[in-house]
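**Q** Sharing a structure here in structure tokens format.
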């Protein structure tokens, strides 16, 4: 297929959209380690998990064998309001860089939540509704996930209680207002509405909160309130399953034009976007059908893959959630306050952690000033103002494209553009004013955090 | 064609995108009144206009005869980064309303400027670059136009000086920061950087500024600085020409599925979106080939069509711009400060004014609390959080659909969803907190404003 025939944006028809999610665990020889009961250290049963999560989501969480899980029609109809998302050929960026590389990005920001998070939010809300629940609880940091869940709950007429990390609640009143537009209640965390919140407030008065702390509060409310369950926007197997829609659409769009990528790049916080984007490509790799370089990009200020330990750890600060085996910085690790945007969770998806440990993917970390430089460069030629999270992937995509410029290689690079930065202008302002700084945790800091890892045999 | 086969979103292929803009003036029997020299009251010549605007844009401004103007390839390539925009079937809204009406909306918000303004910004920047200029100046109120122009100038490597209404500059720091991301300089207006700005500041110390005032400053800079011209995001004939891309794509998408709309609805401030959306439909109407109900929706707080006078008036506060014949509230009219969002210009496009005066379209006005109710209802079922401006059209589309529910008529309604409200959360917050109020100017206020209209024979 000649260059000329590849459009700027490859859109699939609605009829070409995937009708089933792909479960990469089915093709993994080494399955991700199971969640453990924090008291007994034994694998969590479906019954135990059912106290926290909806039944069908528990089944998806534990399913390591079925490669394809049909997407219910109600979810597919919702997807049609903002999907298929475009796979964009970055012609203008290529030209600006003067690279022979061919760059594509899968753009997930064209919906009001501003990110890919909506793909799993609508699925989780659907199963909650199907189970006859009254509502769901969750935590949110930067606010993308909370917004996505609010939209999904509004669509299915479910109550939605969001615990928002207090520092974000105060710094991002607009995100909060978007959630209110969709009818969600938003509480700054830690709060005095939960036992664990009151305990944390007593121990750390004046704290700005953390994701791990907001998770504890949301889980406490879900498990103590009749007709409620807890939902989570990343890390879990079920979330990666729903997010496989990103990778499946990407693959279908590439296949339509006979494009075979050499490198696939995604930013990684808890792993929801990366896991979704790479899943069908990783599946081919696991089955020995094809090979790809897959690169996870994380912030140097929160480097789970590149400097974390692969160990069982708590998922939350209150230590009321199951234990997960993952690359982790320790559940007490909180990134420096100068860190802008998301990608600030202390751990990483168990599935991705296992794949990384098996050498099936690479990881790299970047400093945020370099990330914002890439973001601005991208915005000026490609139009879209990217989210700080997504810009981690842009940074490495540009770096790889510049390597191609040196070597003359015409590599095909695909990266995930997870979202837009419209609610991150405070960070952009800091960058413009030269006030943005970088932070790299010291070995001593990490060692202190690792020392608190639970002792699991 | 059966209902089932119409997708949620109708996308054209890039190859189906229009290659020429449509100039509705060519089909108008009564042409829009010409711009007049404010000193001589004689029609502005191309030479006179060339001091303010780029040469090719002057030609477009004065061209009342050519129906189609080819879109240069460079502009079409830029369009491909965010166009064709989807024509969305509002299945979920229809269901929620329980109406037999079929509702479609043309969504122009899927780009970082957040609105349709980019369609004309890129065209104006292109012609400025082609003329070898160094840069352009403009004004912006709520910020959509300034953002769009910043993006366009960044793409063509042009300097961009934006005069932003001071009250917006202070209340919307994030919009300002987006413009800075694209390399624009943003000055709060009135400022001490211009003669007219200093004069206004001396007469009205502490003023929050107005669009008319920011226009005066931008024009002064453009006409006094070597290698600069002034560009405007609405009102002008050339802008409506560029925005015809909205209507042409809408018509092509409807034709693809043999859909014939009964009612076409657009919000109207200066008229850029409305004029663009309706142009090919109006063309059919003017040529007697088809008939449509066309409805302009404006705020009750700034009702140019519904309560204005059809007369020659100043386009700016400083009275340095040409005079335009239009439906106007008087160039001194400033909407009440409680008015949220845009649609606050005192006048209306000369082309639309003539069409309205000829009875070829209707106009109606709505109160902002009713507009925000419609916005929230729309967001909760259709996902997209709409801009306050766009929500004026949503309000009337919902009202028309509810009339169909009463009568049982299966009318087809098309409206323009011009943009997203991500930078308008202060207004949404007021609405959520029950603090939003409505304002309708009194007859006395308008009479006082009309008394200052220039005396043009």
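Protein chains in written order, with my numbering: chain W, 1 to 457; chain G, 1001 to 1457. All residues carry an ideal CB built from backbone N, CA and C; glycine is no exception.
Ordered along the chain, which non-local residues of its own chain (more than five positions away) have a Cβ less than 6 Å from that of residue 362(W)?
**A** Taking the first residue of the first chain as 1, we reach residue 362(W) at position 362. Excluding positions up to five away in sequence, the list reads 295.
**Q** How do the stretch 1217-1227 of chain G and the stretch 1335-1353 of chain G stand: do at least 3 beta-carbon pairs fall below 8 Å, yes or no?
**A** The stretch 1217-1227 of chain G vs the stretch 1335-1353 of chain G: no contact.
**Q** Assuming residue 142(W) contacts residue 342(W) under a Cβ cut-off of 8 Å, what Cβ separation, rounded to an integer in Å, is found between them?
**A** Here residue 142(W) refers to the residue found at position 142 when the first chain is read from its first residue. Here residue 342(W) refers to the residue found at position 342 when the first chain is read from its first residue. That belief holds up - the Cβ atoms of residue 142(W) and residue 342(W) are roughly 4 Å apart, short of 8 Å.
**Q** Taking just the CA atoms, how far does residue 1257(G) sit from residue 1002(G)?
**A** Position 2 of the second chain, counted from the start, is the residue given in the question as residue 1002(G). Position 257 of the second chain, counted from the start, is the residue given in the question as residue 1257(G). For residue 1002(G), the predicted structure reports a pLDDT of 47, less than 50, and the residue's modelled location is therefore unreliable. A value from the coordinates is still provided. So the alpha carbons of these two residues sit roughly 10 Å apart.
**Q** State yes or no: is the beta carbon of residue 1154(G) nearer than 8 Å to at least one beta carbon in chain W?
**A** By one-based count along the second chain, residue 1154(G) stands at place 154. Interface residue, yes.
**Q** One question on the structure: do residue 413(W) and residue 401(W) come within less than 8 Å of each other, judged by their Cβ atoms?
**A** Here the question's residue 413(W) lines up with position 413 in the first chain. Here the question's residue 401(W) lines up with position 401 in the first chain. Yes; because the gap between Cβ atoms is below 8 Å, this pair is in contact.
**Q** Which chain W residues are close to residue 1334(G), counting only those with a beta carbon under 8 Å from its beta carbon?
**A** Taking the first residue of the second chain as position 1, residue 1334(G) is located at position 334. The premise fails here: residue 1334(G) is roughly 26 Å from chain W at the closest Cβ pair, so nothing lies under 8 Å.
**Q** Within 8 Å of any Cβ in chain G, is that where the Cβ of residue 1(W) sits?
**A** If you number the first chain from 1, residue 1(W) lands on position 1. Interpretation of residue 1(W) is limited by its pLDDT of 42, a score under 50 that renders its predicted location unreliable; no figure is taken from the coordinates.
**Q** Would you kindly work out how many angstroms separate the C-alpha atoms of residue 1161(G) and residue 63(W), rounded to a whole number?
**A** Counted from its first residue, the second chain places residue 1161(G) at position 161. Counted from its first residue, the first chain places residue 63(W) at position 63. So the alpha carbons of these two residues sit roughly 57 Å apart.
**Q** Taking CB distances under 8 Å as the criterion, tell me whether residue 432(W) reaches chain G.
**A** The residue labelled residue 432(W) in the question sits at position 432 within the first chain. It does; some Cβ of chain G falls within 8 Å.
**Q** Would you check if the distance between the CB atom of residue 312(W) and the CB atom of residue 36(W) is smaller than 8 Å?
**A** For the purposes of this step, residue 312(W) is identified with residue 312 of the first chain, where counting begins at 1. For the purposes of this step, residue 36(W) is identified with residue 36 of the first chain, where counting begins at 1. Yes, these two residues count as a Cβ contact at 8 Å.
**Q** Report, in whole angstroms, the separation of the C-beta atoms of residue 225(W) and residue 450(W), which I expect to be a contact under 8 Å.
**A** To locate residue 225(W), count along the first chain from 1; it is residue 225. To locate residue 450(W), count along the first chain from 1; it is residue 450. Actually they do not touch by this definition, with Cβ atoms about 35 Å apart.
**Q** Note the first and the last residue of the continuous beta strand (DSSP E) segment covering residue 388(W).
**A** Working through the first chain from its first residue, we reach residue 388(W) at position 388. Taken as a continuous stretch (DSSP letters only), residue 388(W) belongs to no beta strand (DSSP E), being part of the alpha helix (DSSP H) at 388-407.
**Q** Rounded to the nearest angstrom, how far is the Cβ of residue 126(W) from that of residue 72(W), given a contact under 8 Å?
**A** Numbered from its first residue, the first chain carries residue 126(W) at position 126. Numbered from its first residue, the first chain carries residue 72(W) at position 72. Indeed, because the Cβ distance is near 6 Å, the residues count as touching under 8 Å.
**Q** Rounded to a whole number of angstroms, what is the C-alpha to C-alpha distance between residue 79(W) and residue 192(W)?
**A** Counted from its first residue, the first chain places residue 79(W) at position 79. Counted from its first residue, the first chain places residue 192(W) at position 192. Roughly 37 Å separates the two Cα atoms.
**Q** Taking contact to mean 3 or more Cβ pairs, one atom from each stretch, closer than 8 Å, check whether the stretch 106-122 of chain W and the stretch 143-156 of chain W are in contact.
**A** Yes: the two stretches touch, three or more of their Cβ pairs being nearer than 8 Å.
**Q** Going by C-alpha to C-alpha distance, which of 1247(G), 1250(G), 1270(G), 1249(G) sits closest to residue 1236(G)?
**A** The residue labelled residue 1236(G) in the question sits at position 236 within the second chain. Per the Cα distances, 1270(G).
**Q** Mind pulling the chain G residues with CB within less than 7 Å of residue 384(W)?
**A** In the first chain, counting from the first residue as 1, residue 384(W) sits at position 384. Simply 1112.
**Q** Against chain G, which members of the stretch 178-191 of chain W pass a CB distance test of less than 8 Å?
**A** So the close ones are 178, 180, 181, 182, 183.
**Q** With DSSP as the reference, please indicate the residues paired to residue 188(W) in a beta bridge.
**A** As a working note, residue 188(W) is residue 188 in the first chain. According to DSSP, which records beta bridges pairwise, residue 188(W) is partnered with 164(W).
**Q** Can you check which of these residues, 287(W), 274(W), 158(W), is closest to residue 246(W) by C-alpha distance?
**A** Position 246 of the first chain, counting from 1, holds the residue named residue 246(W). Comparing Cα-Cα distances from residue 246(W) to each of 287(W), 274(W), 158(W), the minimum goes to 274(W).
**Q** If you run the structure through DSSP and keep just helix, strand and coil, what is residue 1177(G)?
**A** As a working mapping, residue 1177(G) is identified with position 177 in the second chain. Note: residue 1177(G) maps to helix in three-state DSSP.
**Q** Just reading off the alpha helix (DSSP H) that residue 76(W) is part of, what are its end residues?
**A** As a working mapping, residue 76(W) is identified with position 76 in the first chain. Run containing residue 76(W): 73-79, per the alpha helix (DSSP H) assignment.
**Q** Assess, as a yes-or-no matter, whether the stretch 1378-1393 of chain G is touched by the stretch 1085-1100 of chain G under the definition of 3 or more beta carbon pairs within less than 8 Å.
**A** At 8 Å Cβ cutoff, the stretches touch.
**Q** According to DSSP, is residue 1294(G) helix, strand or coil?
**A** Counting from 1 along the second chain, the entry for residue 1294(G) is found at position 294. Strand at residue 1294(G).
**Q** Going by DSSP, name the residue or residues bridged to residue 159(W).
**A** Position 159 of the first chain holds residue 159(W). Its beta-bridge partners are 135(W).
**Q** Which whole-angstrom value describes the C-beta separation of residue 1364(G) and residue 1396(G), a residue pair presumed to lie in contact below a C-beta threshold of 8 Å?
**A** Numbered from its first residue, the second chain carries residue 1364(G) at position 364. Numbered from its first residue, the second chain carries residue 1396(G) at position 396. That belief holds up - the Cβ atoms of residue 1364(G) and residue 1396(G) are roughly 6 Å apart, short of 8 Å.
**Q** Determine the direct distance from the alpha carbon of residue 1420(G) to that of residue 1330(G), and round the result to whole angstroms.
**A** Counted from its first residue, the second chain places residue 1330(G) at position 330. Counted from its first residue, the second chain places residue 1420(G) at position 420. Their Cα atoms are separated by approximately 29 Å.
**Q** By a C-beta neighbour count over all protein chains shown, 10 Å radius and 16 as the cutoff for buried, is residue 134(W) buried or exposed?
**A** For this step, residue 134(W) is matched to residue 134 along the first chain. So residue 134(W) counts as exposed.
**Q** In angstroms with no decimal places, state the Cα-to-Cα distance between residue 7(W) and residue 1109(G).
**A** Here residue 7(W) refers to the residue found at position 7 when the first chain is read from its first residue. Here residue 1109(G) refers to the residue found at position 109 when the second chain is read from its first residue. When rounded, the distance between both Cα atoms is 21 Å.
**Q** Flag this pair as yes or no: are the beta carbons of residue 174(W) and residue 423(W) separated by less than 8 Å?
**A** As a first step, residue 174(W) must be located in the first chain, where it is residue number 174. As a first step, residue 423(W) must be located in the first chain, where it is residue number 423. In contact: residue 174(W) and residue 423(W) (Cβ atoms closer than 8 Å).
**Q** Which of the three DSSP states, helix, strand or coil, is assigned to residue 34(W)?
**A** The residue labelled residue 34(W) in the question sits at position 34 within the first chain. It is coil, neither helix nor strand.
**Q** DSSP state of residue 1236(G), grouped into three classes?
**A** As a working mapping, residue 1236(G) is identified with position 236 in the second chain. In this structure, residue 1236(G) counts as coil in the three-state DSSP scheme.
**Q** Is the shortest distance between the beta-carbon of residue 381(W) and the beta-carbons of chain G less than 8 Å?
**A** Taking the first residue of the first chain as position 1, residue 381(W) is located at position 381. Yes, its Cβ sits closer than 8 Å to a Cβ of chain G.
**Q** Taking residue 1051(G) as the reference, give the member of 1425(G), 1128(G), 1436(G), 1387(G) with the closest Cα.
**A** If you number the second chain from 1, residue 1051(G) lands on position 51. Considering only alpha carbons, the answer is 1128(G).
**Q** To the nearest angstrom, report how far apart residue 1325(G) and residue 1314(G) are at their CA atoms.
**A** Translated into the one-based positions of the second chain, residue 1325(G) becomes position 325. Translated into the one-based positions of the second chain, residue 1314(G) becomes position 314. When rounded, the distance between both Cα atoms is 9 Å.
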